[in-house]
Structure formats: structure tokens, C-alpha cells
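S.K.: Going by our numbering, the sequence shown opens with residue 198, and the numbers climb by one from there. From the three backbone atoms N, C-alpha and C, an ideal C-beta is built for every residue, glycine too. These figures come from a predicted structure and were not determined experimentally. Shown below is the structure under consideration.
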Amino acid sequence: MKNIILVSITTLLLFSCTQKQEVVQKAEPKGPKNIILLIGDGTGLSQVSASQYFNPDPSNFDRFPVVGLIKTSSADKLITDSAAGATAFASGIKSYNGAIGVNKDSISVPTIVEEISQHGMTTGVIATSSINHATPASFYAHAKSRGMYEEIAAFLPTSDIDFLAGGGLKFFNQRKDSVDLLAVFEQNGFQVDTTTLPQKAGSKKHAILLAERAMPTILEGRGDFLPKATKLAIEALSSNENGFFLMIEGSQVDWGGHDNKAEYLISELIDFDKTIGVALDYAKENGETLVIVTADHETGGFTLGPDGSNYNKISPTFSTGGHSATMIPVFAYGPKSESFGGIYENHQIYHKMKLALGQE
């Protein structure tokens, strides 16, 4: 009888130890150290599909294991603009069309850049528009109207941004108030470049402004600015042991949609796709980086219909010169990527990023 009791106790102890081991093995996966958020302005599902049909190379969109959908209406309109859309991503709130880092009452709200900088993370913004345009601006500035370009630009030299690249030079050195913001950048520890991308990241922060307003289009010969700037930003920001946050905007996909020019849109989209590949390659090698790709809204009512009755030939068409209300895809790769699946409101992107970093 004693032997039976001893065997039973031993069995229970072994079962208990096994259960504890299983609990340890099923512990919550570690979150990311870095986040790269890529925003293809104006990119809906048809635009993503175009990168598969018209791209001579395999589309990097196909590499994502997690896909979700966001609803994009702003606080005051069923159809959002880029300012309200980016403010939702950057600050986790719904605001009015035209709002830059402010709520419905035009009161400033913290941005993810401002918040994570307090945790020692480095940050960057890249765009093919001017760097003070609606989407990048929403991550570092606070303005009641997206059109306040000079006021928005003035935030940047003293903001928490450590790396910036894009256009908009005239808003920094040809201002109505005659303030030379390039000198202010230098006073705040930036290396300023206005002619070309540096070959390598330096020890200073980087302010790279390579066009008076927007960068040239791909069709005009912009070349590999966006993927190269992304590589440079990753090199510069990843030296920080506390991690980094980088927002990259393919700005001119949107403009091709507004102009109803398929060649313009598709060329910008393929450039954005190539940039996604840079981010994914780094994330795959690094293992601690969450990559998210989405858009603020769709532009142009872009569709991929047949060329007449020829179902073997695609003829891109447009239904509007403005934005549309369609849901927008979200693609995610890396630690905590699983939380980006499903259907949710656009401002949840912010909250999901903060949760992934363990800061909410």
C-alpha cells in the first residue's frame, strides 16, 4: 500500500513539473525592439494588386504572414484626408480632416515619436513629399491646419526626430520670417545635407532635404532615393541599444491617384514596394524588428478592370480624383505582428504599436 502511495505522489510531482514546463514554454512572445512603419499614401487593395501585376520583380507584399484591414473615416468626415489619417496612426485618436497632431478641439496630443523618445528610442521620418507635408508632419508637429507649412517646419529642428529625409528645403531656408532653420538644425546636433544622400551614416543626427518642395517623381528620375534613404536611416538609428522607430512614406502614390495617371501611380508604388523589401530584409536578419505597412486612405477609386473584353489584359481605371472610403489593408511581419490581423479602426495602429513595445 505504501509503495502504491509513493508511486502516486511521484507521478503527481512529475505531472506538476511537466505542466510548469509547458507554462514556461507558452510564455508571452517577446515584443519588438524596433518598429518600421511604412505608409503608402493613397494605397488601397487595387494599388497593392498593381504591384503584383505590373512589377517586374516579385512583390514584397507577398512576404507578409499577417494581413488586416482598417476603417479610415476621420472624426468629421466619412472620407479621411492624410492629416487626420496620419494623426490617427501617430497619436491614437480620431481627429478632423486637416488636423496635425491635435484633437477635435485643436488641442495638441502627444505623438508616438514624443512618447517613445522618453524611453530612449531613436526616431526617424522619410517621405518623397516635403518633409513637412501632412503624413510626416503628424509624427512630430502640432498644428490646427495641414497647410501651415512654415509653422510645421519650425517644429522639426527641436523635435525628437533623429533622422529625416525628403523634400521641403524652401520651408527651412527661404521663410517669410527670415529664420534659417538649417542653422537651427546644426545648433541642435544635426548633420545637414541639401544636395545628396550621404553614403554612410555619421555620428550626428541627420537632416536631409534634397528638393525645394517635393522630391522628383520616379518618372522624372528620382531613382532609388526612398530605398537608399531607408537603408541609411536604419544604419543611423539601429546603433541605439534602446531601439528605434522609423516612419517611411511613399507619398506620391497618392498624387498619381489624384491625377488619375496610372503610370505615375504604378511607378511610385513599385518604388514603395522596393522600399518595403529593404525593411523586410533588415527585419529578417535582425529578428527584433516589427514591420507594418499600411495607408492613410485610398486615392482615385483605382481599379484593375479588363481591357474591354480581353480578360488577359488589365486596364487600370479611376472613379474619382479624390480619396475613397474603402477599407485599407495592413501588412505585418516580426515580433507581435499577429496583433495586426482582423478589422479595426485606423487609430488602433497606434495602440497596437505601443502595446507591442510594452508601453501601453
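#1: Run through DSSP, which three-state label would Thr-403 get?
#2: Please state if the CB of Ser-327 and the CB of Gly-364 are separated by a distance shorter than 8 Å.
#3: Let me know the secondary structure DSSP gives Met-550 once reduced to three states.
#4: Take the Cβ of Asn-294 as the centre, count every other Cβ of all protein chains shown within 10 Å, and call the residue buried at 16 or more, exposed below.
#5: From Gly-538 to Lys-367, what does the alpha carbon distance come to, in whole angstroms?
#6: Under 8 Å between the Cβ atoms of Ala-272 and Ser-288?
#7: Thinking C-alpha only, which one of Ile-540, His-520, Lys-549 is nearest Ser-534?
#8: Are there 16 or more other CB atoms within 10 angstroms of the CB of Leu-487, so buried, or fewer, so exposed?
#9: Rank His-403, Val-245, Leu-394 by C-alpha distance to the C-alpha of Pro-424 and give the top, closest one.
#10: Quick check on Ser-435: does DSSP put it in helix, strand or coil?
#11: For my contact list, Gln-556 and Glu-312 are in at a C-beta cut-off of 8 Å; report their separation, rounded to the angstrom.
#12: Taking Gly-590 as the reference, which of Asp-254, Phe-258, Ala-331, Val-527 has the closest Cα?
#13: Between Lys-551 and the rest of its own chain, which residues show a CB-CB distance below 6 Å, the 5 nearest in sequence each way excluded?
#14: Does Thr-427 come out as helix, strand or coil in the three-state DSSP assignment?
#15: Going along the chain, which residues of its own chain have a beta-carbon closer than 6 Å to the beta-carbon of Ile-349, five neighbours each way excluded?
#16: Quick test of your reading: Leu-378 and Ala-351, contact by CB under 8 Å. State the CB separation rounded to the nearest angstrom.
#17: Terminal residues of the continuous alpha helix (DSSP H) containing Ala-281?
#18: Near Gly-498, what residues of its chain come up, given a Cβ to Cβ distance below 7 Å and the 5 sequence neighbours on each side ignored?
#19: Hey, which unbroken runs of the beta strand (DSSP E) at 3 residues or more fall wholly within the stretch 436–471?
#20: Return the Cβ separation of Asn-543 and Thr-269 in integer angstroms, given the expectation that the two are a contact with Cβ distance under 8 Å.
#21: Quick check: what's the CA-CA separation for Ile-405 versus Asp-390?
#22: Using C-beta distances below 6 Å, list every residue in its chain close to Ile-489, excluding the 5 sequence neighbours before and after it, in chain order.
#23: Taking the alpha-carbon positions, what's the Ala-408 to Gly-519 distance?
#24: Could you name each continuous alpha helix (DSSP H) segment of 4 residues or more that falls completely within the stretch 265–335, going from the start of the chain to the end?
#25: Do Glu-465 and Val-450 have their C-beta atoms closer together than 8 Å?
#26: With a CB to CB cut of under 8 Å and the five nearest residues on each side skipped, what residues in its chain are close to Met-345?
#27: For the candidate residues Gly-237, Thr-414, Val-264, whose alpha-carbon lies nearest to that of Ile-540?
#28: Is it buried or exposed, Leu-353, if we count other Cβ atoms within 10 angstroms and call 16 or more buried?
#29: With Tyr-530 as the anchor, note down where its beta strand (DSSP E) starts and where it stops.
M.R.: Well, looking at it:
#1: The residue given as residue 403 occupies position 206 in the sequence shown. Looking at the sequence shown, residue 403 is not Thr but His. Strand.
#2: For the purposes of this step, residue 364 is taken as residue 167 along the sequence shown, with counting starting at 1. For the purposes of this step, residue 327 is taken as residue 130 along the sequence shown, with counting starting at 1. Cβ atoms of Gly-364 and Ser-327: closer than 8 Å.
#3: Within the sequence shown, the letter at position 353 stands for residue 550. Correct three-state label for Met-550: helix.
#4: Translated into the one-based positions of the sequence shown, residue 294 becomes position 97. With 16 or more Cβ atoms within 10 Å of its Cβ, Asn-294 is classed as buried.
#5: Here residue 538 is taken as the residue at index 341 of the sequence shown, counted from 1. Here residue 367 is taken as the residue at index 170 of the sequence shown, counted from 1. Cα to Cα, Gly-538 sits roughly 41 Å from Lys-367.
#6: Position 75 of the sequence shown, counting from 1, holds the residue named residue 272. Position 91 of the sequence shown, counting from 1, holds the residue named residue 288. Not in contact: Ala-272 and Ser-288 (Cβ atoms no closer than 8 Å).
#7: If you number the sequence shown from 1, residue 534 lands on position 337. Looking at the Cα atoms, Lys-549 is the closest of the given residues.
#8: Position 290 of the sequence shown, counting from 1, holds the residue named residue 487. Leu-487 should be labelled buried.
#9: On the sequence shown, position 227 is the one that residue 424 refers to. Comparing Cα positions, the closest option is Leu-394.
#10: Working through the sequence shown from its first residue, we reach residue 435 at position 238. Residue state, collapsed to three classes: coil.
#11: Against the sequence shown, residue 556 aligns to sequence position 359. Against the sequence shown, residue 312 aligns to sequence position 115. Right, their Cβ atoms sit about 7 Å apart.
#12: Nothing can be reported for residue 590: it is not among the residues displayed for the chain, which extend from 198 to 557.
#13: In the sequence shown, the residue the question calls residue 551 occupies position 354. Around Lys-551: Glu-557.
#14: Taking the first residue of the sequence shown as position 1, residue 427 is located at position 230. Annotated three-state conformation of Thr-427 is helix, per DSSP.
#15: The residue you call residue 349 lines up with position 152 of the sequence shown. Closer than 6 Å at Cβ, skipping near neighbours: Asn-329, Ala-334, Ala-338, Ala-340.
#16: Position 181 of the sequence shown holds residue 378. Position 154 of the sequence shown holds residue 351. About 7 Å separates the two Cβ atoms, so the contact holds.
#17: Mapped onto the sequence shown, residue 281 falls at position 84. 279–288 is the span of the alpha helix (DSSP H), which, as asked, contains Ala-281.
#18: As a first step, residue 498 is located in the sequence shown; it is residue number 301 there, counting from the start. These residues qualify, in order along the chain: Phe-515, Ser-516, Thr-517, Ser-521.
#19: Secondary structure remark: continuous beta strand (DSSP E) runs of at least 3 residues inside the stretch 436–471, in chain order: 441–446.
#20: The residue labelled residue 543 in the question sits at position 346 within the sequence shown. The residue labelled residue 269 in the question sits at position 72 within the sequence shown. In this structure Asn-543 is in contact with Thr-269, their Cβ atoms being roughly 5 Å apart against a cut-off of 8 Å.
#21: As a first step, residue 405 must be located in the sequence shown, where it is residue number 208. As a first step, residue 390 must be located in the sequence shown, where it is residue number 193. Straight-line Cα distance between these residues: approximately 5 Å.
#22: The sequence position of residue 489 within the sequence shown is 292, counting from 1. Excluding residues within five positions, the ones whose Cβ falls inside 6 Å are Leu-234, Ala-529.
#23: As a working mapping, residue 408 is identified with position 211 in the sequence shown. As a working mapping, residue 519 is identified with position 322 in the sequence shown. Rounded to the nearest angstrom, the two C-alpha atoms are 25 Å apart.
#24: Listed in chain order, they are 279–288, 309–314, 331–334.
#25: Along the sequence shown, read from residue 1 onward, the residue named residue 465 stands at position 268. Along the sequence shown, read from residue 1 onward, the residue named residue 450 stands at position 253. Yes; because the gap between Cβ atoms is below 8 Å, this pair is in contact.
#26: For the purposes of this step, residue 345 is taken as residue 148 along the sequence shown, with counting starting at 1. Correct list, in chain order: Ile-297.
#27: Against the sequence shown, residue 540 aligns to sequence position 343. Here the closest residue by C-alpha is Val-264.
#28: On the sequence shown, residue 353 is found 156 positions in, with the first residue counted as 1. Around the beta-carbon of Leu-353, 16 or more other beta-carbon atoms lie within 10 Å, marking it buried.
#29: Your numbering for residue 530 matches position 333 in the sequence shown. Following the DSSP letters along the chain, one finds Tyr-530 inside the beta strand (DSSP E) bounded by residues 525–530.
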